[in-house]
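See structure below.
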Amino acid sequence: MGRKILDLIRAIIFNRWVLAAIVVLLFLMPSLFYAREWCQELDAFTSPLQDSVCTYLIEEKPVTNAVLLNFTQLFILIILASNWNLTGGFTGYIDFGHAVFFGLGGFATALLMGSSRWEDWPALFSDWSFWPAMLGAGIVAAIFALLIGSFTLRLKGPYFSIAMLGTLVATREIVRASSNISGGGLGLSLPVYLNRPMFYYLSLVMLLFVVNFVRWIRSTEFGSSLVAIREDEVGAEMRGINTTLNKITVFCISAFLTGLVGGMWAYMNTFLDADIAFNQNRTIDMVMMTMLGGLGTVAGPVIGSTILYWLRDVLWANFLLFHQIFEGILLIIIVLFVPEGIMGLLDKDSSGTSLNRIVKGWFKKEPEEHPRTS
Amino acid sequence: MTTEMTSNQKDQSPLLEGRGVSKYFGGLAALHNVDFAIYPGEIMGLIGPNGSGKTTLFDCLSRVQQINTGEIHFKGQEISKKKPFQVAHMGLARTFQVFRVYRKLTVLENMLLSRQWRNESIFRQLRPSHPDTDQRARELLEFLTLDHLTYEQAGNLSGGQQRLLEIGMALMPDPELILLDEAASGVNPVLINTIKDRILHLSNEQGKTFLLIEHNMEFIGDLCSRVFVLNFGEKLAEGTPEDVMTNEDVIEAYFGS
Amino acid sequence: MDFSDLLIQTLINGILIGGLYGVMTLGFSVIWGVMGVINLAHGEFLMLGAYMAWVLNKQQGWEPFLTLLVILPVMFLLGYVIQIVLINRIIEKPHLIALLVTYGLAIVMASTVKLIYTANPRITTTQFSGYWEFDFGGFVLPVTKTLVLIAALLMMFGLYFFLNRTRFGKSIRAAAQNKEAARMVGIEINKVYAATFGICIALTGAAGMLLSPLGSIHPFMGAAWTLKAFAITAMAGLGNIPGALLGGMMLGLVENLLATFVPTVGSSVGIISSFALLVIVLVTRPQGLFGGLKAPQEIR
Ligand SMILES: Nc1ncnc2c1ncn2[C@@H]1O[C@H](COP(=O)(O)OP(=O)(O)OP(=O)(O)O)[C@@H](O)[C@H]1O
Ligand SMILES: [Mg+2]
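Chains as they are written, first to last, in this note's numbering: chain A, -13 to 360; chain B, 384 to 640; chain C, 67 to 366.
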């Protein structure tokens, strides 16, 4: 019976129409925000319908800036986890320092938009508008990934993880120390732009792009070769896969996307310094959310991030003091008890995936034969 | 010692040639000053007692191991400085004595991942696997009697089945030289005969070249035109199976009279 | 001070701190060697030891060096229990699992300490702090640092003696070599593991005490120390005690030289230099500088 419930959950989550509906709703949500603004500007309500709707919108405030911000943060987490999953989940290189690309992206955006406190900062790389600056952030992150990856990606297993953790910590210190560029302890302030719906839509579009991109990568031979590297790197190399090139490529792609998000986040936050840009917890978020959802699956990071974000918001917003302790304990619990993640639970010997097939299956005695794929 | 060569081999240049190949693990000479040559279309056997360095030779050929001295030429090119994947692209495939299948992937995915990559740019890899590749993988699985396991996780296969999968994965890229490391051990006799037929067919019809490590002398005798014997990392003898099996040194090395 | 004096003083400081680095690495490298677990909470155990010393020093008025008498047994017990409850479950698992579980442990420990003692930096004061210095030929040998070095050397020697000369130490080494064989000859592997973890944690806590009078301690200092321990282990190999001392001194020297002669790096020097050493060593010699690190292929 439990099996059937899991199958049903899976079928509902992955039903094309359900997914489409969620996306449409997400796109429509800010319209309530705009509708409220519009209502507030009205002098008098002309019809009873308008009256009731507007009163509801003004009194209940279903979609506020805070709600939009919350969703934006969730989207950012999902994107980060999905990016991390490209190297950590597919390629098997568990990166404990991925936040370094996020931080670099943030700093690149800030500097390119002209927040440098240093007089000698080249004018060419200053006062860019946001979009090229964000692109620049991605490129900076990708170049850094190329440089650092060509050393660290030669390391295997835990050595790689620790070397990347070291990269993060060392980069943070170097950025903090070079205070005429990074602002040191003072940090950098970006041009203030408080348009929450804009950031909401930007992150939503990026989310849709990244998740589909990851799904597409997984479906290609390139994606399969990454999985081969995870499973047996020496074997993959000997069967003709250029493991070094593929590893570095995916690392740079992942860093590029992470840098983009970092750039957007910095602009949204309007301020950053070394500590918040290179926050170690951000990497752990990526790892934890991916693990919870299912390492190396496309949907895993999405599900894991959503659940964990909700847990944070609902469960331990009330225990602010203990929240870090809870997070640590949760990490241990996830790793020890659901190492395969939620996708692993849903997928295990799944007798069918489509909603149709499941509903049909309930009226049949024997379950249908279904090829298992990974 | 006489090395018999058929007339067409004499005037051909070797497909694979090693000169003075040595490999040391610390003080242990796994290979010491070994010379060998394999000609196109030939099926050559590589035998020797346990620990005589046969697998190490394969490792050196497929570039898992770095040789200490000597040179190895494959299709006229020096390969002892190349990367493993480059050698694979040149048309050298091998199986592993200790299985190296991708345990968590399905049998089909294992096969698809062993397809011919041949110097493809990353952009050419950004597409789903080609229907022809899929077709070929399924055909090979059928031949190896693994087709009923197409969607099974490779790690769940029995030892013999994994051995067969290894052979399939080596044949998948359509290589010119195939190194089989104890490919027949643990495989049932009926299937061994099928594999023999397949090897002969590939060799005769398509001119593929094989180098086989085997402890099963019957297998060697049925297939190989020439046999190469290693003992303690050094070449002990070389010749037709009959010659080698009656060679006193070889008998002593195996049975230690 | 002219250049050569400055250089010699820097070298002295590097060697003095190197002893501490060596002894603080041992817990990490022995646990890795024996159990195959990379303990990312290592720095937090160090932090815990340092806080115990600080509490006893500031709230009870103890001399920090005496707090070792409390720290060693308490940390041993803590390690013993944590091994049985948590670490035992992850010993045979892939490395990712061990890394994440110990990282979770690190978060829990750091945030608990922060909750109780806030994030303010602390320092212990020994009776030797500040005004006592050995002075010879113009060079300064701070007493506290010298005592720390001596204590570190004593502890290293103690561990060396224990592992090589006692029966129990020998069974630990047997377990590290071959678990199955050790079990065959009647060694109770789980007890050995738990005791090993306890001993290593006790040693780490003691190292935490040793560093408490030298620099400020705070709840989130752990990661940097774990990184240092990792860098030294990469140089020394697993469970290699003289190697750890040598590696520790090397790191100490590099750090002090950088801090003295590259003015802008400032307080971040430790992290940057250990990171640089780590990556250079691992990339150029994956088996460790002096050998003895497991080849990456073997560890899965
Ligand atoms: N990676 C390695 N490190 C150290 N020594 C090795 C290594 N690989 C092989 N050897 C040693 O090299 C020698 C040759 O081993 P090899 O595996 O080539 O033997 P083999 O001829 O394939 O034996 P078998 O018939 O049992 O498969 C052995 O003594 C072995 O211990
Ligand atoms: Mg062999």
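Where a beta carbon is used, it is the ideal one built from N, C-alpha and C, also for glycine. Since this is a predicted model, take the numbers as computed values, not measurements.
Boundaries (first-last residue) of the alpha helix (DSSP H) holding residue i
i         : result
Met427(B) : Counting along the chain, Met427(B) falls outside any alpha helix (DSSP H), though it belongs to the beta strand (DSSP E) covering Ile426 to Ile430.
Ser68(A)  : Asn51 to Asn71
Phe223(C) : Val209 to Arg231
Leu151(A) : Gly143 to Ala163
Ala476(B) : No alpha helix (DSSP H) holds Ala476(B); the beta strand (DSSP E) holding it covers Leu475 to Arg477.
Asp605(B) : Met600 to Leu606
Alpha-carbon to alpha-carbon, residue j and residue i
i         : j         : result
Ile426(B) : Glu597(B) : 12 Å
Leu343(C) : Ile78(C)  : 20 Å
Tyr117(C) : Ser339(C) : 26 Å
Thr642(B) : Phe111(C) : Here chain B covers residues 384 to 640 and nothing more, so residue 642(B) does not appear.
Gly642(B) : Met275(C) : No answer is possible for residue 642(B): the residues shown for chain B start at 384 and end at 640.
Gly616(B) : Gln449(B) : 15 Å
Thr386(B) : Tyr637(B) : Unreliable placement is indicated for Thr386(B), whose pLDDT of 45 sits below 50; the coordinate value is still reported in the next sentence. Taking the straight line from one Cα to the other gives about 21 Å.
Leu106(C) : Ala252(A) : 30 Å
Trp98(C)  : Gly109(C) : 14 Å
Thr611(B) : Gly424(B) : Looking at the sequence shown, residue 611(B) is not Thr but Phe. The straight-line gap from Cα to Cα measures roughly 16 Å.
Pro325(A) : Leu278(A) : 8 Å
Gly338(A) : Glu492(B) : Reliability of the predicted coordinates at Gly338(A) is poor, the pLDDT of 45 falling under 50, and no value is obtained from them.
Met494(B) : Gly221(A) : 13 Å
Ser336(A) : Arg216(A) : With a pLDDT of 47 at Ser336(A), under the threshold of 50, the predicted position of this residue should be treated as unreliable, though the coordinate-derived value follows. Roughly 24 Å separates the two Cα atoms.
Bounding residues of the beta strand (DSSP E) (the contiguous stretch that carries residue i)
i         : result
Val364(A) : Nothing about residue 364(A) can be read from this structure; chain A reaches only from -13 to 360.
Glu621(B) : Glu617 to Gly622
Glu400(B) : Leu399 to Phe408
Thr61(C)  : No answer is possible for residue 61(C): the residues shown for chain C start at 67 and end at 366.
Leu72(C)  : First-last for Leu72(C): Phe69 to Met101, but that is the alpha helix (DSSP H), not the beta strand (DSSP E).
Thr133(C) : No beta strand (DSSP E) contains Thr133(C), which DSSP labels as neither H nor E.
His415(B) : Leu411 to Ile421
With 16 other Cβ atoms within 10 Å as the buried cut-off, status of residue i
i         : result
Ala6(A)   : exposed
Thr244(A) : buried
Met552(B) : buried
Ser211(A) : buried
Pro48(A)  : exposed
Asp299(A) : exposed
Gly281(C) : exposed
Glu354(A) : A caution first: Glu354(A) carries a pLDDT of 43, below 50, which makes its placement in the model too unreliable to give a value.
Pro108(A) : exposed
Gly280(A) : buried
Residue i: CB within 7 Å of a non-hydrogen atom of ligand 2
i         : result
Gln448(B) : no
Thr516(B) : no
Thr232(C) : no
Ile603(B) : no
Asp442(B) : no
Lys335(B) : The question about residue 335(B) has no answer here: the residues shown for chain B are numbered 384 through 640.
Ile369(B) : Examination of residue 369(B) is not possible in this model, given that chain B is present from 384 through 640 alone.
Thr528(B) : no
Proximity test, residue i beta-carbon vs ligand 1 heavy atom, cut-off 7 Å
i         : result
Thr478(B) : no
Ala413(B) : yes
Tyr437(B) : Checking the sequence shown, residue 437(B) turns out to be Lys, not Tyr. For ligand 1, at least one heavy atom lies less than 7 Å from the Cβ of Lys437(B).
Asn451(B) : no
Gly428(B) : no
Gly434(B) : yes
Gly431(B) : yes
Where residue i meets chain A, residues with beta-carbon distance less than 7 Å
i         : result
His161(C) : Gly143 and Pro144
Phe296(C) : Ile148
Met552(B) : Arg225
Within chain C, the residues that residue i reaches when beta carbons sit closer than 7 Å
i         : result
Ser147(A) : Leu165
Partners in chain A for residue i, counting only beta-carbon separations shorter than 8 Å
i         : result
Arg155(C) : Leu322
Val447(B) : Val220 and Met224
Residues that residue i contacts on chain C, provided the C-beta gap is smaller than 9 Å
i         : result
Arg103(A) : Simply none; closest approach about 16 Å.
Proximal residues of chain A, C-beta to C-beta of residue i below 9 Å
i         : result
Leu293(C) : Ile148, Leu151, Gly152, Val155 and Ala156
Within chain B, partners of residue i - CB distance below 8 Å
i         : result
Phe208(A) : Ile505, Gln508 and Leu509
Ser205(A) : Pro511
Partners in chain C for residue i, counting only beta-carbon separations shorter than 8 Å
i        : result
Gln26(A) : Neighbours of Gln26(A) on chain C: none; closest Cβ ~42 Å, over 8 Å.
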